[in-house]
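Chemist: Take this structure, written in C-alpha cells, and hold onto it; I'll ask about it next.
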Amino acid sequence: AANSQVHIVYLGERQHDNPKLLTDTHHDLLATIVGSKELASELMVYSYRHGFSGFAAKLTESQAQKLSELPGVVRVIPNSLHKLQ
Amino acid sequence: TTRSWDFLGLSSQSPSNILHKSSMGDGVIIGVLDTGIWPESESFNEKGLGPVPSHWKGVCESGDRFNATIDCNRKIIGARWFIDGLLAEYGKPLNRSTEFLSPRDAHGHGTHTSSTAAGSFVTNVSYKGLGHGTIKGGAPNARLAIYKVCWKVLGGQCSSADILKAFDEAIHDGVDVLSLSIGFSIPLFSEVDEHDGIATGSFHAVARGITVVCAAANDGPSAETVQNTAPWIITVAASTMDRSFPTSITLGNNKTFLGLAMFTGPEIGFASLIYPESKGLDPTAAGVCQSLSLSKTMVAGKVVLCFTTVSRRTAITSASAAVKEAGGVGLIVAKNPSDVLYPCNEDFPCIEVDYEIGTRILFYIRSTRSPLVKLRPPKTFIGKPLSAKVAYFSSRGPNSITPAILKPDIAAPGVNILAATSPLDALGEGGYVMHSGTSMSTPHVAGIVALLKAMHPNWSPAAIKSALVTTAWRNGPSGLPIFAEGSPQKLANPFDFGGGIMNPNGAADPGLVYDIGKAGYMQYLCARGYNNSAISRLVGQNTKCPIKKPSILDMNLPSITIPSLKNPITIKRSVTNVGAPESIYRATIEPPIGTIVSVNPNALVFNSTVRKLDFTITISAIHRMNTGYYFGSLSWADGVHVVRIPLSVRTEFLQPYDANDD
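For the protein sequence lines, the chains are A and B, in the order given.
Throughout, my numbering is defined as the position within the first sequence, counted from one, plus 2.
Throughout, my numbering is defined as the position within the second sequence, counted from one, plus 1474.
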C-alpha cells in the first residue's frame, strides 16, 4: 500500500450503455490483477462509466504494468496535478 | 465584468445584440470545473429564471456548509465535488478549517469564473472604488452546473483523476458547455494521454456535442507555452480591454506622470521621495524592488522609488512590505509595462510605472536636494483612447505538441476582471474582486458559447469554434492592429491571440463555418500516428487508418499553420454555409511574406441544395531559406460576411527534424 499511487486505467469509449454493468466490469478487471473483488473495491477510486470507460485505482507500479498488458486496456497512467490559471 | 461585456459589444442597454437575441442563454447549461461556488453571492440569484432545463440529469449534493435544498436554485442547478484522486496523492486529510468538503468555494476562483460565465445582473459593484458598474455573466440566463475539482491545497491543485470523473459526470448530466480555467505544466503530454485528463475528457465531451473551453495558461510572453492544445478544445488567450486605472504622480517640480495602481486613498500630499542608491561599484543594487533593505530613519514618512526586471508580482509584494515596515508612506515601482494590477497588502499605496517614467523620476531625485512627490489615488478610465492588447502573461503559440495546429484559438478579456468571489478570498472586498489570468478570459468565451448554443442549438463544437475564430477582431475600433504585451510590445499575431479578440455579435452570424465531425478527429489521430486499436477504443468504433498517413494540415480547422514549408504544398478545406442559402463567396488572400498562396476555386456558389463546398489552398515559398513564422490570412466574403482564417508559415529548407512526421 505504501508503494501504491493512483493510476488512471483508460478503456476508451463505453462498450455499452449500462453504467452499473460497466462498473462491475471495472471491478472484475481490477480483481484479476489484485486477486479479489473485495480488494479491488478497496483500491478503486473512481469508475468512469458515463462519458467513457475506465477507472482510477490505487496501484503499485507492477500492478499498473500488468493491467496495461490486459486486452481492452488502452493505457494506464499515473494521476497528476493541474493548476488554476 | 463591469466593462468587459460592453467592450465586447454586448451592452445590456442595446436591444440589437445577441444577448437579447439568445434570451441571454436561457435553457443552456454551463458546467464549470473549478474550486466550487459561493452560492449566497448575489451573482447567483435566480430572479426571472424559468424552470430547470428539461435535459438536465445531474444532481446537487450537500456537504460542509452546503445544503443542496437551500444552496442550489434555478441558477445553480447542479453542484458536486471530486477529491478522492487528490486525497489519495496528498496523503493526509483535507484541512477542514480552510476548505469545505462540499461544492462551497473556499478559494474564490470558481465563484469568479462561474459569475463571469453565467452570473446574474448585480448592480453597483466596484473594487476599491474602481471599475464601478454592473457585473454579469456572458449568458446571464444560462444555468450553472458546478464540479469542484480544484482544492485549496498547495495554492490550488486539481488532480487528473478528479477532473476525468467530473467530465464523466458532466457528460451524463447534460451540460452544453464546459469551462475549465485549469492548466498543466510544460512539457505537455500528448492529447490521448490521461496525464492530461482535460484532453481525454474533452474528447469524449466534444464527441457528444459539448463545447469545451479551456485556458491557454499564464506562461507568456514566451513562445511555445500554450497549454490545452487538443484540436477539439477552444483554447483561450487573455487580452486587456478599454479600461485602465491611472493615478497621477506629481513631483516637486510640478511635473506630473501617470502610473497604474489599485488602492483607495486618500491622496498623499507632498512627501519626501527617495531612491535607495548605494555607494560602490553597483550603485543601483540597493534600489532593486525585490531586495530592498531599508532603515526606518531613511524611509519613515517617505515615498520610495525602486526598479525591477521581475515581471511576476513577487517583486512588488516584497518591496511594499519592506517600505511599509520601514515606515514609508508609498511606493513607486518602475517595471516592464503590464496592465495587470493587484492591490498591495493592507491597501498600501503602490504605483506601477514603466522604465521611461521611472527613469525620469529618478533623474528628478538625483537632480534635486529635497525631492518631493504627491500621489493621488487611481481613477477609472474607460473607452477611447485605450485599446486592447494581448496580456503579458497570456501563453503563446506555437503549439509545442503539434505545431501545425494553431493555438491559442481566440482571446478574450482576462485582465483586471471584476466579478464575484468567495468571502474567504484574501483579496476580496465585499464579495467581489478583480483578478487577472487566462482563467478569467476562459469563462468570457464559455458565456458567449452558451449564447451561440441558445441561438444555434444544432451547431457542432467545431462550428462554434470556427464562428468565433473567423469573426474575431484583429484590429481595434480605430481600425489599427492590436498589440501584444511583451518585451518589447509588438503587433499581435495568431500565436498571441489565434483568430483575434472574440467578437460575439459577429460569431452569431459567421456566414460560413469550417466544421469537423468524428471522422475529422479520427483523421487527426491517424495523422498523429496513434495505432488503429487505440483509436478504435477511443472513438468506440473500428477504425483503420489509411495506409498513406493523412496530413494534419488537412484537418478542417479555421486556421492554417505550416511549421516547415519546403516544397509547394496543397491543403484541403471545406466550408458549410450557415447564412443565406443563395450566396456567392469570393476569396481574398493576404499571403505571408515570402510565400505565394492560391485558392482553387476562388469563388464558392451556395444554393438551397449545395450547403457544403470543398476548396484547396496551395502555398509555396519564394525564397529558398529558413525563416521564422510569417503571417497572413485567407478570407471568404459575400458582401455581408468576411470569413477570415489566419495563415502562419515558416519556411525551412534545412529542417531540424523530418517534417513528414507531421
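Using N, Cα and C, we set each Cβ at its ideal position, and we do this for glycine too.
1) In the structure shown, what three-state DSSP assignment does histidine 1581(B) receive?
2) Cβ of asparagine 1692(B) less than 9 Å from any chain A Cβ?
3) Name the DSSP bridge partner or partners of threonine 1685(B)?
4) Skipping 5 residues on each side, what residues in its chain have a beta carbon closer than 8 Å to that of asparagine 81(A)?
5) Taking the DSSP output, what are the residues bridged to glutamate 2064(B)?
6) What's the gap between the Cα of aspartate 1762(B) and the Cα of isoleucine 1825(B)?
7) Using a Cβ cut-off of 7 Å, which residues of the region 1482-1506 of chain B contact any Cβ in chain A, in chain order?
8) I want to verify the contact list: residues of chain A whose CB lies under 9 Å from the CB of leucine 2012(B), in sequence order.
9) Short of 8 Å in beta carbon distance, which residues of its chain neighbour phenylalanine 2080(B), apart from the five on each side in sequence? Order them along the chain.
10) Are the C-beta of leucine 69(A) and some C-beta of chain B separated by less than 9 Å?
11) Are any of the Cβ atoms in chain A nearer than 9 Å to that of alanine 1644(B)?
12) Check each candidate in Cys1780(B), Asn1949(B), Tyr1749(B) and name the one with the smallest Cα separation from proline 1845(B).
13) Interface residues of chain A around cysteine 2000(B) at Cβ under 8 Å?
14) Against leucine 1638(B), what residues of chain A qualify as contacts under a CB-to-CB distance less than 8 Å, listed in chain order?
15) Can you check whether the C-beta of glycine 1671(B) is within less than 9 Å of a C-beta belonging to chain D?
16) List, in chain order, every chain A residue whose beta-carbon is nearer than 7 Å to that of phenylalanine 1641(B).
17) Assuming arginine 1870(B) and serine 1696(B) make a contact with CB atoms under 8 Å, what is their CB distance in whole Å?
18) Using the DSSP secondary-structure output, state which residues sit across from glycine 1552(B) in a beta bridge.
19) With distances taken from CA atoms, which of Ala1958(B), Trp1933(B), Lys2018(B) is nearest glycine 2053(B)?
20) Do threonine 1916(B) and serine 1655(B) have their C-beta atoms within less than 9 Å of each other?
21) In the DSSP output, which residue or residues are listed as bridge partners for alanine 1711(B)?
22) When the distance is taken between beta carbons, is aspartate 1636(B) closer than 9 Å to glycine 1532(B)?
23) By a C-beta neighbour count over all protein chains shown, 10 Å radius and 16 as the cutoff for buried, is glutamine 67(A) buried or exposed?
24) Where does arginine 2118(B) fall in DSSP's three states?
25) Please say whether alanine 1886(B) and valine 1847(B) have beta carbons closer to each other than 9 Å?
26) With a 10 Å radius around its C-beta and 16 neighbouring C-beta atoms as the bar for buried, classify isoleucine 1672(B) as buried or exposed.
27) Three Cβ pairs or more, each shorter than 8 Å: is that satisfied between the region 1975-1992 of chain B and the region 2101-2119 of chain B?
28) The beta strand (DSSP E) spanning glutamate 1826(B) covers which residue range?
29) Out of Trp1706(B), Gln1701(B), Gly1802(B), which has the shortest C-alpha to C-alpha gap to alanine 1745(B)?
30) Which full runs of the beta strand (DSSP E) of 3+ residues lie inside the region 12-71 of chain A, going along the chain?
31) Which residues in chain B have a C-beta closer than 9 Å to the C-beta of histidine 28(A)? List them in chain order.
32) Using a Cβ-Cβ cut-off of 9 Å, state whether aspartate 2136(B) counts as contacting chain A.
33) Cβ of leucine 83(A) less than 9 Å from any chain B Cβ?
34) Give a yes or no on whether 9 Å exceeds the smallest Cβ distance from isoleucine 2063(B) to chain A.
35) Could you compute how far the alpha carbon of tryptophan 1530(B) sits from the alpha carbon of tyrosine 1621(B)?
36) Whose Cβ in chain A lies nearer than 8 Å to the Cβ of aspartate 1883(B)?
Modeler: Based on what the coordinates show:
1) The count along the second sequence starts at 1 and reaches residue 1581(B) at position 107. In the structure shown, histidine 1581(B) sits in coil (DSSP, three-state: anything other than H, G, I, E or B).
2) Start at 1 with the first residue of the second sequence, and residue 1692(B) comes out as number 218. Judged by the 9 Å Cβ criterion, asparagine 1692(B) is in contact with chain A.
3) Taking the second sequence and counting its residues from 1, the one referred to as residue 1685(B) is at position 211. Note: threonine 1685(B) sits in a beta bridge opposite Val1651(B).
4) Translated into positions along the first sequence, residue 81(A) becomes position 79. Excluding sequence neighbours, asparagine 81(A) sits near Gln7, Val8, His9, Ile10, Ala58.
5) As a working note, residue 2064(B) is residue 590 in the second sequence. Per DSSP, Ser2107(B).
6) Position 288 of the second sequence, counting from 1, holds the residue named residue 1762(B). Position 351 of the second sequence, counting from 1, holds the residue named residue 1825(B). For the record, residue 1762(B) in the displayed sequence is valine; it is not aspartate. Distance between the alpha carbons of valine 1762(B) and isoleucine 1825(B): 15 Å.
7) none
8) Start at 1 with the first residue of the second sequence, and residue 2012(B) comes out as number 538. Those within 9 Å of leucine 2012(B) in chain A are Tyr12, Gly14, Glu15, Phe54, Val76.
9) Within the second sequence, numbered from 1, the residue matching residue 2080(B) stands at position 606. Taking C-beta separations shorter than 8 Å and ignoring five residues to either side along the sequence, the partners of phenylalanine 2080(B) in its chain run Asn2051, Pro2055, Glu2056, Ser2057, Ile2058, Tyr2059, Leu2087, following chain order.
10) Along the first sequence, read from residue 1 onward, the residue named residue 69(A) stands at position 67. No, no contact with chain B.
11) The residue labelled residue 1644(B) in the question sits at position 170 within the second sequence. Yes, contact with chain A.
12) On the second sequence, residue 1845(B) is found 371 positions in, with the first residue counted as 1. The residue from Cys1780(B), Asn1949(B), Tyr1749(B) with its alpha-carbon nearest to that of proline 1845(B) is Tyr1749(B).
13) Here residue 2000(B) corresponds to residue number 526 of the second sequence, with the count starting at 1. Under the 8 Å cutoff, chain A gives no residues; its nearest Cβ is about 16 Å from cysteine 2000(B).
14) Along the second sequence, read from residue 1 onward, the residue named residue 1638(B) stands at position 164. Residues of chain A passing the Cβ test: Ile10, Tyr48, Tyr50, Gly56, Ala58.
15) Considering every chain present, this structure includes no chain D. Its protein chains are A and B.
16) Working through the second sequence from its first residue, we reach residue 1641(B) at position 167. For phenylalanine 1641(B), the neighbours in chain A by C-beta distance under 7 Å run, in chain order, Gly53.
17) For the purposes of this step, residue 1870(B) is identified with residue 396 of the second sequence, where counting begins at 1. For the purposes of this step, residue 1696(B) is identified with residue 222 of the second sequence, where counting begins at 1. That pair is a contact at about 7 Å.
18) Residue mapping note: residue 1552(B) aligns to position 78 of the second sequence, counting from 1. Partner(s): Ala1619(B).
19) To locate residue 2053(B), count along the second sequence from 1; it is residue 579. The shortest C-alpha separation from glycine 2053(B) is found at Trp1933(B).
20) Locating residue 1916(B) in the second sequence gives position 442, counting from the first residue. Locating residue 1655(B) in the second sequence gives position 181, counting from the first residue. For threonine 1916(B) and serine 1655(B), yes; Cβs fall inside 9 Å.
21) Locating residue 1711(B) in the second sequence gives position 237, where the first residue counts as 1. Per DSSP, Ala1885(B).
22) Along the second sequence, read from residue 1 onward, the residue named residue 1532(B) stands at position 58. Along the second sequence, read from residue 1 onward, the residue named residue 1636(B) stands at position 162. No.
23) Locating residue 67(A) in the first sequence gives position 65, counting from the first residue. So glutamine 67(A) ends up on the exposed side.
24) As a working note, residue 2118(B) is residue 644 in the second sequence. Residue state, collapsed to three classes: strand.
25) Position 373 of the second sequence, counted from the first residue, corresponds to residue 1847(B). Position 412 of the second sequence, counted from the first residue, corresponds to residue 1886(B). Contact flag unset, no.
26) On the second sequence, position 198 is the one that residue 1672(B) refers to. Looking at its Cβ environment, which holds 16 or more other Cβ atoms inside 10 Å, isoleucine 1672(B) is buried.
27) yes
28) As a first step, residue 1826(B) must be located in the second sequence, where it is residue number 352. It spans 1824-1827 - the beta strand (DSSP E) in which glutamate 1826(B) sits, taken as one unbroken run.
29) As a working note, residue 1745(B) is residue 271 in the second sequence. Of the candidates Trp1706(B), Gln1701(B), Gly1802(B), the one whose C-alpha sits nearest the C-alpha of alanine 1745(B) is Gly1802(B).
30) Annotation: the region 12-71 of chain A contains the following complete segments of the beta strand (DSSP E) (minimum length 3 residues), in chain order: 46-50, 55-61.
31) If you number the first sequence from 1, residue 28(A) lands on position 26. Near histidine 28(A) there are no residues of chain B at all, since even the closest Cβ is about 12 Å away, more than 9 Å.
32) Along the second sequence, one-based indexing puts residue 2136(B) at 662. Low local confidence applies: a pLDDT of 49 at aspartate 2136(B) is under 50, so the model's placement there is unreliable, with the coordinate-based value given in what follows. Closer than 9 Å: no.
33) In the first sequence, counting from the first residue as 1, residue 83(A) sits at position 81. It does: the Cβ of leucine 83(A) has a partner Cβ on chain B nearer than 9 Å.
34) In the second sequence, the residue the question calls residue 2063(B) occupies position 589. Not closer than 9 Å to any Cβ of chain A, the Cβ of isoleucine 2063(B) fails to qualify, so no.
35) One-based indexing of the second sequence puts residue 1530(B) at position 56. One-based indexing of the second sequence puts residue 1621(B) at position 147. So the alpha carbons of these two residues sit roughly 14 Å apart.
36) If you number the second sequence from 1, residue 1883(B) lands on position 409. Chain A residues near aspartate 1883(B): none, gap ~16 Å exceeds 8 Å.
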